[in-house]
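The structure appears below as structure tokens.
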Amino acid sequence: MAQDLLGCVVSRQRVSGLIVETEAYHEIEPASHAYVGRTARSGTLFGPPGFAYIYRSYGIHTMLNLVCEPEGSAAGVLIRALEPRSGLPRMRERRGRVGDHDLCSGPGKLAQALGILMSDNGRDLRVGPVLVRPRPAGWTPGPVAVGPRVGITKAVDLPWRFALAGHPDVSRPRPRGAG
DNA sequence: CATGGGATTGACT
DNA sequence: GTCAATCCCATGC
Numbered sequence: 321m322a323q324d325l326l327g328c329v330v331s332r333q334r335v336s337g338l339i340v341e342t343e344a345y346h347e348i349e350p351a352s353h354a355y356v357g358r359t360a361r362s363g364t365l366f367g368p369p370g371f372a373y374i375y376r377s378y379g380i381h382t383m384l385n386l387v388c389e390p391e392g393s394a395a396g397v398l399i400r401a402l403e404p405r406s407g408l409p410r411m412r413e414r415r416g417r418v419g420d421h422d423l424c425s426g427p428g429k430l431a432q433a434l435g436i437l438m439s440d441n442g443r444d445l446r447v448g449p450v451l452v453r454p455r456p457a458g459w460t461p462g463p464v465a466v467g468p469r470v471g472i473t474k475a476v477d478l479p480w481r482f483a484l485a486g487h488p489d490v491s492r493p494r495p496r497g498a499g
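Each step along the first sequence adds one to the number in our numbering, with nothing skipped, and position 41 is 361.
Here is the structure:
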């Protein structure tokens, strides 16, 4: 799912971007919020697929995940970077004085650029306010870079990070592995 | 109820 | 390269 989401489009109220980087998380591995079982925070991860799992990181940043796997099984894809597609003026207002390639080049950045809120947690991503739509017509993925996930201390060896190789909007450090 | 630690970022050296 | 910011929640007593 994390690979298949590359090229899909995330939007919120006329601000949108194309997914260029993702990470996969699953209850079977200790980096997942669901590893210890269902808690107040991770509840939506155990719900049906296609919903938004949103949480706050480091007290500051908002993270957007797409819930995967049937109800009862907890897995999700962290959306880590977008190529800005529409609503760039609104993104620039929210993000301040940064270059366009840094508007959405990280999970906290894209959430800020799109105005994603904690209250968007648990909403259906086919209904909104946060939407995930299929790849644009005619869009085909180029080479995919694969590597270990960023910013975690457990299960650091799993190569579950995926990005469009060489894309300028991918977060640092860039994954290097061949897909 | 108290404590501790992040699926990060931006400013600074 | 270092480091602080600082919310939410898991854990343990």
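Glycine included, C-beta positions come from ideal geometry on N, C-alpha and C.
Closest Cα partner of residue i within the set the options
{"i": "T460", "options": "G467, R414, R417 and L484", "result": "L484"}
{"i": "G467", "options": "P456, A498 and V447", "result": "A498"}
{"i": "P427", "options": "V418, S406 and L384", "result": "L384"}
{"i": "R361", "options": "H353, P368 and R446", "result": "H353"}
{"i": "P390", "options": "H346, R492 and P350", "result": "H346"}
{"i": "P369", "options": "L437, L445 and G471", "result": "L445"}
{"i": "V464", "options": "G407, R412, H487 and P449", "result": "H487"}
{"i": "P404", "options": "V330, S393 and D324", "result": "V330"}
{"i": "W480", "options": "A457, T359 and G396", "result": "G396"}
{"i": "C388", "options": "L325, G416 and P449", "result": "L325"}
{"i": "R492", "options": "I436, D420 and V470", "result": "V470"}
{"i": "L434", "options": "P495, H421, G363 and V450", "result": "V450"}
{"i": "F482", "options": "T473, G462 and K474", "result": "G462"}
{"i": "M438", "options": "R334, E341, T382 and V335", "result": "T382"}
Integer Cβ distance of residue i from residue j, believed to fall under 8 angstroms
{"i": "R414", "j": "Q432", "result": "6 angstroms"}
{"i": "Y374", "j": "D440", "result": "The question names Tyr, but residue 374 in the sequence shown is Ile. The Cβ separation is near 6 angstroms, so the contact holds."}
{"i": "F366", "j": "R443", "result": "The pair is not a contact, with the Cβ atoms about 16 angstroms apart (cut-off 8 angstroms)."}
{"i": "A401", "j": "S425", "result": "5 angstroms"}
{"i": "A322", "j": "E349", "result": "About 13 angstroms separates the two Cβ atoms, so there is no contact after all."}
{"i": "G327", "j": "I339", "result": "6 angstroms"}
{"i": "A351", "j": "I436", "result": "The Cβ separation is near 22 angstroms, so there is no contact."}
{"i": "V490", "j": "E341", "result": "5 angstroms"}
Residues bridged to residue i (per DSSP)
{"i": "L326", "result": "BP columns for L326 are empty, so no partner."}
{"i": "F371", "result": "D444"}
{"i": "E341", "result": "A401 and A483"}
{"i": "M438", "result": "Answer is none; M438 lacks a bridge partner."}
{"i": "A465", "result": "A483 and A498"}
{"i": "M336", "result": "Per the sequence shown, the amino acid found at residue 336 is Ser instead of Met. Per DSSP, S331 and S406."}
{"i": "T382", "result": "R376"}
{"i": "H346", "result": "A395"}
Burial state of residue i (16 or more Cβ within 10 Å)
{"i": "L386", "result": "buried"}
{"i": "L398", "result": "buried"}
{"i": "R332", "result": "buried"}
{"i": "V476", "result": "exposed"}
{"i": "S406", "result": "exposed"}
{"i": "G337", "result": "buried"}
{"i": "L423", "result": "buried"}
{"i": "T359", "result": "exposed"}
{"i": "P495", "result": "buried"}
{"i": "V418", "result": "exposed"}
{"i": "K474", "result": "exposed"}
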